Amino acid sequence: MPKFNPLVARLSPPPIPSVAAWAQGYDGGLGPLLDLSQAVPGYPPHADMLTWLGEAASSTQAAGYGPIEGEMPLRTAYAAHVADLYGAPLTSRHVQITAGCNQAFVAAVIALAEAGDTVLMTNPYYFNHETTLSMLGINVDLVPCDAAGQFVPDIESIEASLHPRVRALALVSPNNPTGAVYPADRLAEIFDLCRTKGIWLILDETYRDFLDDIAAPPHDIFSREGWQSHFVSLYSFSKSYCIPGHRLGAITGGVQMIQQIAKIMDNLQICAPRAGQIALVKAIPSLAEWRAENRREIGRRSAAMRAVMEGLQGWKIESIGAYFAYIRHPYPDISAEFVAAKLAALAGVVCLPGDYFGEIQEGFLRFAFANADVETIGLLRQRLEAFKLPGI
Numbered sequence: 090m091p092k093f094n095p096l097v098a099r100l101s102p103p104p105i106p107s108v109a110a111w112a113q114g115y116d117g118g119l120g121p122l123l124d125l126s127q128a129v130p131g132y133p134p135h136a137d138m139l140t141w142l143g144e145a146a147s148s149t150q151a152a153g154y155g156p157i158e159g160e161m162p163l164r165t166a167y168a169a170h171v172a173d174l175y176g177a178p179l180t181s182r183h184v185q186i187t188a189g190c191n192q193a194f195v196a197a198v199i200a201l202a203e204a205g206d207t208v209l210m211t212n213p214y215y216f217n218h219e220t221t222l223s224m225l226g227i228n229v230d231l232v233p234c235d236a237a238g239q240f241v242p243d244i245e246s247i248e249a250s251l252h253p254r255v256r257a258l259a260l261v262s263p264n265n266p267t268g269a270v271y272p273a274d275r276l277a278e279i280f281d282l283c284r285t286k287g288i289w290l291i292l293d294e295t296y297r298d299f300l301d302d303i304a305a306p307p308h309d310i311f312s313r314e315g316w317q318s319h320f321v322s323l324y325s326f327s328k329s330y331c332i333p334g335h336r337l338g339a340i341t342g343g344v345q346m347i348q349q350i351a352k353i354m355d356n357l358q359i360c361a362p363r364a365g366q367i368a369l370v371k372a373i374p375s376l377a378e379w380r381a382e383n384r385r386e387i388g389r390r391s392a393a394m395r396a397v398m399e400g401l402q403g404w405k406i407e408s409i410g411a412y413f414a415y416i417r418h419p420y421p422d423i424s425a426e427f428v429a430a431k432l433a434a435l436a437g438v439v440c441l442p443g444d445y446f447g448e449i450q451e452g453f454l455r456f457a458f459a460n461a462d463v464e465t466i467g468l469l470r471q472r473l474e475a476f477k478l479p480g481i
């Protein structure tokens with residue numbers, strides 16, 4: 090038998106392909122398959138974006154190596170966008186472009202923690218964050234979150250989880266899997282605690298462009314004293330610009346943090362894909378209204394999901410926001426993985442089980458409703474009403 094790195098070998102297979110396989114048993118008798126599994130935009134990129142991507146991909150410029158930290162025009166454009174959003178003095182020196190937000194997380198945790206250290210995460214958590222830490226030999230401790238607290242971590246629970254080996258707290262807001270949006274004042278309190286305790290706050294803001302309330306910035310951490318030594322923000326261009334296949338994300342951090350990240354990126358990838366970077370320089374300012382309409386469309390899909398679940402016997406939305414609804418299913422004594430597998434095979438509804446997002450999550454399913462339009466989401470109610478587990 091071949092020997093592999095045990096930190097990798099012990100990981101479960103990637104979950105999305107495994108979940109997709111459940112749907113192969115669906116016979117189509119109830120209508121089209123409803124795929125609410127993966128967080129992908131349920132609409133195409135803007136036509137101009139496709140044009141810019143094509144032009145960039147066919148250029149000699151994009152065929153060569155680019156700057157490790159990312160194309161300077163993109164770093165400048167994105168820094169200006171974030172500075173405007175948060176009302177903070179951010180520049181290109183605060184930005185590192187990465188090949189997606191998952192890579193942004195990998196690079197950030199390598200910069201901040203070493204094998205044997207601990208990173209705190211919430212329970213439930215985004216599974217790719219947990220597996221990343223595990224294969225790096227970084228320990229994971231969980232801060233409990235529940236429906237009673239709207240799946241937002243409280244200061245007391247975070248503080249109780251701290252110990253000398255904790256190097257960082259990793260959060261996602263709007264959250265994956267629950268959709269919960271962490272209030273700005275709570276994030277400020279959490280940052281102040283991290284700064285006081287000398288640890289880092291890593292905030293994954295992949296879904297911030299789909300917040301219901303855009304009247305105020307998601308938080309004020311970039312304006313707080315000492316943020317450069319205790320805070321790093323992660324972002325994905327995939328959802329906002331509908332280009333997940335082009336793998337582009339960003340890290341916003343202090344200048345010293347970005348200098349450390351560049352060392353890591355040089356060994357991970359050298360540079361993020363260049364054609365997408367070149368296209369995004371035009372897209373950030375030009376597609377602002379298109380992005381705003383997409384945000385409104387996701388809001389309509391969220392409302393459709395709420396309407397579907399209203400009064401549905403045995404099913405309950407415990408949290409919803411941005412791309413996700415966290416649903417309590419009607420079989421509390423049966424694992425969510427089993428329920429989700431049967432839901433796919435018998436009802437043609439593909440979703441992720443709560444078991445994949447942490448301990449004590451067996452009673453939940455994650456519906457990524459942004460994948461489907463309002464009409465498709467409307468089909469979900471009849472499927473759930475008719476669904477019964479065999480023998481129960």
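Under the numbering used here, think of the first position of the sequence shown as 90, with each following residue one higher. Each residue gets a CB set at the ideal place from its N, CA and C atoms; glycine is no exception. Since we're looking at a predicted model, the values are computed, not measured.
- Per the C-alpha coordinates, the member of Arg-182, Gln-192, Ala-152, Asp-173 positioned closest to Pro-162 is Arg-182.
- Closest option to Ile-186, judged by alpha-carbon separation, among Thr-165, Ala-461, Leu-201: Thr-165.
- Under the DSSP assignment, Asn-356 falls in the alpha helix (DSSP H) whose first and last residues are 344-357.
- Assignment of Ile-227 by DSSP, reduced to helix, strand and coil, places it in the coil class.
- Put simply, of Met-346, Lys-328, Val-344, Gln-345 the residue whose alpha carbon is nearest the alpha carbon of Gly-338 is Lys-328.
- The beta-bridge partner set that DSSP reports for Asp-206 is empty.
- The shortest C-alpha to C-alpha distance from Gly-226 to any of Pro-242, Phe-216, Glu-203 is the one to Glu-203.
- For Glu-245, the enclosing alpha helix (DSSP H) starts and ends at 244-250.
- Residue pairing from DSSP places Trp-289 in a beta bridge opposite Ala-257.
- For Arg-472, the enclosing alpha helix (DSSP H) starts and ends at 469-475.
- Annotation for Glu-448: no alpha helix (DSSP H) segment contains it, and DSSP assigns it neither H nor E.
- Shown here for Gln-317: same chain residues with a beta carbon closer than 8 Å to its own, the five before and five after excluded, namely Gly-342, Gly-343, Val-344, Gln-345, Met-346 in chain order.
- Between Pro-242 and Asn-212, the CB-CB gap reaches or exceeds 7 Å.
- DSSP places Val-108 in no beta strand (DSSP E) but in the uninterrupted alpha helix (DSSP H) bounded by 104-111.
- Cβ contact annotation for Thr-220 (same chain, cutoff 7 Å, sequence separation greater than five): Leu-100, in chain order.
- Contact between Tyr-132 and Cys-331 holds: CB atoms are separated by about 7 Å, below the 8 Å threshold.
- Nearest neighbour of Ile-279 by Cα position, chosen from Ile-157, Ala-364, Gly-176, Ala-249, turns out to be Ala-249.
- The beta carbons of Arg-297 and Pro-307 sit closer together than 7 Å.
- The Cβ atoms of Gly-155 and Cys-360 lie closer than 7 Å to each other.
- Between the stretch 284-292 and the stretch 250-259, the count of C-beta pairs closer than 8 Å reaches three or more; the two stretches touch.
- The DSSP-derived three-state label of Val-241 is coil.
- With fewer than 16 neighbouring CB atoms inside 10 Å of its own CB, Gly-143 falls in the exposed class.
- In this structure, the CA atom of Ala-98 is about 9 Å from the CA atom of Met-224.
- Approximately 6 Å separates the beta-carbon atoms of Phe-413 and Asn-265; this is inside 8 Å, confirming the contact.
- One Cα belongs to Cys-283, the other to Phe-320, and the distance between them is close to 9 Å.
- Using a Cβ distance threshold of 7 Å, Leu-125 and Asn-460 count as a contacting pair.
- One thing to note: Leu-323 has its Cβ no nearer than 7 Å to the Cβ of Phe-427.
- Judged by DSSP secondary structure, Gly-410 falls outside any alpha helix (DSSP H) and instead within the beta strand (DSSP E) spanning 405-410.
- In the structure shown, Leu-222 falls within a helical segment according to DSSP collapsed to helix, strand and coil.
- With respect to the 7 Å criterion, Pro-362 and Arg-395 are not classified as neighbours on the basis of their beta carbons.
- Following the DSSP letters along the chain, one finds Tyr-167 inside the alpha helix (DSSP H) bounded by residues 161-175.
- Annotation: the continuous alpha helix (DSSP H) that includes Thr-149 extends over 149-152.
- Under the three-state reduction of DSSP, Asp-274 is assigned to helix.
- For Ser-126, no beta strand (DSSP E) segment is defined, and its DSSP state is neither H nor E.
- In the three-state scheme derived from DSSP, where H, G and I count as helix and E and B as strand, Arg-417 is classed as strand.
- Taking all protein chains shown into account, Lys-477 has fewer than 16 neighbouring C-beta atoms within 10 Å of its C-beta and is therefore exposed.
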